[in-house]
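The sequence shown lines up with residues 1 to 332 when you count with our numbering.
Ideal Cβ placement from N, Cα and C applies to all residues, glycine included.
Note that the coordinates shown come from a computational prediction; the quantities given were computed from them, not determined experimentally.
What follows is a single structure, written as structure tokens, with notes after it.
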Amino acid sequence: MGSISLQKVHKAFGNTVVIPEVNLEITDNEFVVFVGPSGCGKSTLLRLIAGLEDMTSGTISIDGKDVTREPPARRGLSMVFQSYALYPHMTVYGNIAFPLKMAGMEKSAIDTKVRDAARILNLTDYLERRPGQLSGGQRQRVAIGRAIVREPKAFLFDEPLSNLDAALRGSMRLEISELHHKLQTTMIYVTHDQIEAMTMADKIVVLNAGNVEQVGSPLELYRNPQNLFVAGFIGSPRMNFLQGETARKLGAATIGIRPEHLELSTSEGLWKGEVGVAEHLGSDTFLHIDVAGVGQITARADGEFALRHGETVYLSPVEKQLHRFNDEGRAI
Ligand SMILES: Nc1ncnc2c1ncn2[C@@H]1O[C@H](COP(=O)(O)OP(=O)(O)OP(=O)(O)O)[C@@H](O)[C@H]1O
Ligand SMILES: [Mg+2]
Numbered sequence: 001m002g003s004i005s006l007q008k009v010h011k012a013f014g015n016t017v018v019i020p021e022v023n024l025e026i027t028d029n030e031f032v033v034f035v036g037p038s039g040c041g042k043s044t045l046l047r048l049i050a051g052l053e054d055m056t057s058g059t060i061s062i063d064g065k066d067v068t069r070e071p072p073a074r075r076g077l078s079m080v081f082q083s084y085a086l087y088p089h090m091t092v093y094g095n096i097a098f099p100l101k102m103a104g105m106e107k108s109a110i111d112t113k114v115r116d117a118a119r120i121l122n123l124t125d126y127l128e129r130r131p132g133q134l135s136g137g138q139r140q141r142v143a144i145g146r147a148i149v150r151e152p153k154a155f156l157f158d159e160p161l162s163n164l165d166a167a168l169r170g171s172m173r174l175e176i177s178e179l180h181h182k183l184q185t186t187m188i189y190v191t192h193d194q195i196e197a198m199t200m201a202d203k204i205v206v207l208n209a210g211n212v213e214q215v216g217s218p219l220e221l222y223r224n225p226q227n228l229f230v231a232g233f234i235g236s237p238r239m240n241f242l243q244g245e246t247a248r249k250l251g252a253a254t255i256g257i258r259p260e261h262l263e264l265s266t267s268e269g270l271w272k273g274e275v276g277v278a279e280h281l282g283s284d285t286f287l288h289i290d291v292a293g294v295g296q297i298t299a300r301a302d303g304e305f306a307l308r309h310g311e312t313v314y315l316s317p318v319e320k321q322l323h324r325f326n327d328e329g330r331a332i
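Below you can see the structure in the form of structure tokens.
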């Protein structure tokens, strides 16, 4: 079991309020991602759940039991950090076995658990190596292994992949998702990378300056962002925002249009623009287009779309994909 409930969680460091008030329900076996820009309080919130940081006020419950005053070791959670935090002088086996040894578990039981975890994480061939003899991805798997053997109620990950290169991040992302299916355990995963959030989460919690802006599944947030912050944060490339006369004509203070929701033509359309930079990714082309009286617009085109800098292009937003926001930046 691993349901976690946060009620009126408030955290200040001295006079600085970092988390004004967070209320959140995490159900058993859910994969929850906390996402938001640097400094928004993701790590602080995770550390409060882990018990590594004291709350200023509020209540945290795990499986219905109030753990607000419980020390980290009594909460039954395992945390995995960005920095791996492995013991360099111990082998992989020793690192994974460490928490069990500390708990006084018997040797043969430890051996079974370490080998099970190593098998799940494809580390069996590396058990006798030291961390210095492993790649970044393998080291992170060892850190995950050390968390797995404790059979926690929930795993807490704080940006576990940000030290890895892009290709390895992509494959570790899949491995962690796969691990979640295998272990059927609650996971809370902190990242500032909205792609990680979108690809891994059952439920995304978007944080901004310590406040929860929106909670929802990846597609809910993509389709129905409740405010400008979420609209601008979820989706890549970023949603285009238009204000002034253009927005008023379409009935809002701000109109949001995703780059993939613009139809492009070389002959006709609502807006006439001039192509600026074109980013060719192979599968897609992202065009940065200047539209007189409207502004700079990013549009996604087919990978083969062959328009060059300075050429004319016509754009038409797909009406039913428009996002409308009021003066306060809330979705209408
Ligand atoms: N011990 C502390 N004392 C004072 N302020 C702190 C302390 N720890 C964190 N903060 C502040 O709290 C805010 C949130 O920090 P936190 O580490 O939770 O952000 P984050 O969302 O994890 O950012 P990042 O993506 O950069 O890791 C920041 O403004 C930070 O400076
Ligand atoms: Mg952080």
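Beta-carbon distances below 5 Å to any heavy atom of ligand 1 define the shell here; list its residues in chain order, please.
13, 18, 38, 39, 40, 41, 42, 43, 44 and 192
Just to confirm, is the Cβ distance from residue 1 to residue 63 under 7 Å?
Within the sequence shown, residue 1 is the residue found at index 1, counting from 1. Within the sequence shown, residue 63 is the residue found at index 63, counting from 1. A contact, by the Cβ cut-off of 7 Å.
Exposure label - residue 256; buried when at least 16 CB within 10 Å:
Residue numbering aside, residue 256 sits at position 256 when the sequence shown is read from its first letter. Buried, because 16 or more other Cβ atoms sit within 10 Å of the Cβ of residue 256.
With respect to 6 Å, is the separation between the Cβ of residue 176 and the closest non-hydrogen atom of ligand 4 below this value?
Ligands displayed in this structure: ligand 1 and ligand 2; ligand 4 is not among them.
Which value, in whole angstroms, describes the spacing of the CA atoms of residue 249 and residue 8?
Locating residue 249 in the sequence shown gives position 249, where the first residue counts as 1. Locating residue 8 in the sequence shown gives position 8, where the first residue counts as 1. Those two C-alpha atoms are separated by around 41 Å.
Limits of the beta strand (DSSP E) - the one that residue 33 falls within:
One-based indexing of the sequence shown puts residue 33 at position 33. Looking at the DSSP string, the run of the beta strand (DSSP E) that includes residue 33 is 31-35.
Pop quiz: residue 84 and residue 139 are said to be a contact at Cβ under 8 Å. What is the actual Cβ separation, rounded to whole angstroms?
Position 84 of the sequence shown, counted from the first residue, corresponds to residue 84. Position 139 of the sequence shown, counted from the first residue, corresponds to residue 139. Contact flag correct, Cβ pair sits at about 5 Å.
Closer than 8 Å by C-beta to residue 23: which residues in its own chain qualify, once you throw out the five before and the five after it? Chain order, please.
Position 23 of the sequence shown holds residue 23. Counting only Cβ-Cβ distances below 8 Å, and skipping sequence neighbours, we find 6, 7, 8, 9 and 212.
Is it the case that the Cβ atoms of residue 137 and residue 168 are separated by a distance below 7 Å?
Here residue 137 is taken as the residue at index 137 of the sequence shown, counted from 1. Here residue 168 is taken as the residue at index 168 of the sequence shown, counted from 1. The answer is yes: Cβ separation under 7 Å.
Excluding the 5 residues preceding and the 5 following residue 113 in the sequence, name in chain order all residues of the same chain whose CB lies nearer than 7 Å to its CB.
As a first step, residue 113 is located in the sequence shown; it is residue number 113 there, counting from the start. So the qualifying residues of the chain are 100 and 149.
Could you check what DSSP says for residue 332 in three-state terms: helix, strand or coil?
Taking the first residue of the sequence shown as 1, we reach residue 332 at position 332. It is coil, neither helix nor strand.
If we ignore side chains and look at the alpha-carbon of each, how far apart do residue 239 and residue 273 end up?
Against the sequence shown, residue 239 aligns to sequence position 239. Against the sequence shown, residue 273 aligns to sequence position 273. The alpha-carbon atoms of residue 239 and residue 273 are separated by roughly 18 Å.
Residue 5 by DSSP, collapsed to three states: which one?
In the sequence shown, the residue the question calls residue 5 occupies position 5. Residue 5: strand per DSSP, three-state reduction.
Nearest-angstrom Cα separation, counted from residue 315 out to residue 76
Translated into positions along the sequence shown, residue 76 becomes position 76. Translated into positions along the sequence shown, residue 315 becomes position 315. Those two C-alpha atoms are separated by around 54 Å.
Helix, strand or coil, according to DSSP, for residue 54 in the structure here?
One-based indexing of the sequence shown puts residue 54 at position 54. Residue state, collapsed to three classes: coil.
Given that a residue counts as buried once 16 or more other Cβ atoms are within 10 Å of its Cβ, and exposed if not, what is residue 268?
Taking the first residue of the sequence shown as 1, we reach residue 268 at position 268. Classification for residue 268: exposed.
What are the boundary residues of the beta strand (DSSP E) that includes residue 220?
Position 220 of the sequence shown, counted from the first residue, corresponds to residue 220. That residue, residue 220, is in no beta strand (DSSP E); its alpha helix (DSSP H) goes 218-223.
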